[in-house]
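Participant: This note's numbering numbers the first residue of the sequence shown as 1415 and each following residue consecutively.
From the three backbone atoms N, C-alpha and C, an ideal C-beta is built for every residue, glycine too.
As the structure is a computational prediction, the values presented were derived from the model and not from experiment.
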Amino acid sequence: MRDRDTGFTDFFVNRSDALRRTAYLLCGDWHRAEDLVQTSLSKLYLAWGRITRHDSLDAYARQTLVRTFLSERRLGWFRNERVTDDPADTPAPGRGGTEDRIVLLAALKRVPPGQRTVLVLRYWEDMSVDETAALLRCSTGTVKSQAARGLQTLRGLLTDHLAAQHPDRKRTE
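#1: What separation, rounded to the nearest whole angstrom, lies between the Cα atoms of V1480 and A1577?
#2: To the nearest angstrom, how far is it from the Cα of V1451 to the Cα of R1429?
#3: Enumerate in chain order the residues of its own chain whose CB-to-CB distance from K1457 is below 8 Å, with the five nearest sequence positions on each side excluded.
#4: Within the continuous alpha helix (DSSP H) that includes E1545, where are the two ends?
#5: Taking a contact to mean a Cβ-Cβ separation below 9 Å, would you say Q1566 touches T1531 in this structure?
#6: Relative to the alpha-carbon of L1433, which residue among G1421, D1419, T1453 has its alpha-carbon at the smallest distance?
#7: Buried or exposed: L1460, going by 16 or more other Cβ atoms within 10 Å of its Cβ?
#8: What residue range does the alpha helix (DSSP H) around L1535 cover?
#9: Given the structure, does L1571 come close to the ligand HEM, in the sense that its CB is under 8 Å from one of the ligand's heavy atoms?
#10: Just to confirm, are R1464 and E1539 a CB contact at a threshold of 9 Å?
#11: Within the continuous alpha helix (DSSP H) that includes D1449, where are the two ends?
#12: So, using beta-carbon positions, are G1555 and P1526 closer together than 9 Å?
#13: In terms of residues, what are the limits of the alpha helix (DSSP H) holding D1540?
#14: Under three-state DSSP, which class holds P1526?
#15: Start and end of the alpha helix (DSSP H) containing S1559?
#16: With distances taken between CB atoms, is the gap from V1392 to T1436 smaller than 9 Å?
#17: If you count every other CB in all the chains shown that lies within 10 Å of the CB of A1547, and 16 or more means buried, which is it?
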């Protein structure tokens, strides 16, 4: 039991921040991201003794996180979520592209959760189409179409934001 706890503690210390950042990109809220990571790591701890391939723990933890996010969404947790243009739970704007990051994160919150999940896995986690499809238990075509739709939605939101910030500029498409 002691080895189990030590191994899990080491994994937790080394990977919980990365999982929390991924969870934030999935749900758009730091508090909910912490809840998702806590639930995911609890599930991982319960399965720790059955895990034989410790070389693939990152993939297993990420898969658990994504499934936890998607299952909570199916259970209706997302109905309490309100999308706003005010990223109140993000740091205040500063120098060095922070404003752009805040705008991007606010737009990402408005992308539908399924598309957002694919975007985060493909472009934040840098997973291949095949890896993403395996994790989400869907076809590669579904991953490709969700990524394309998600990127299109994100581009539209960012274009609308730019148009609102600079109404004197003409929109070129």
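Facilitator: Quick look at the numbers:
#1: 34 Å
#2: 10 Å
#3: T1478, T1482
#4: 1543 to 1550
#5: no
#6: T1453
#7: exposed
#8: Here L1535 belongs to no alpha helix (DSSP H), and DSSP marks it neither H nor E.
#9: The model on display carries no ligand, and the ligand HEM is accordingly not part of it.
#10: no
#11: 1444 to 1461
#12: no
#13: Looking at the DSSP string, D1540 is not in any alpha helix (DSSP H), and its letter there is neither H nor E.
#14: coil
#15: 1554 to 1579
#16: This structure leaves residue 1392 out entirely; the chain is present only between 1415 and 1587.
#17: buried
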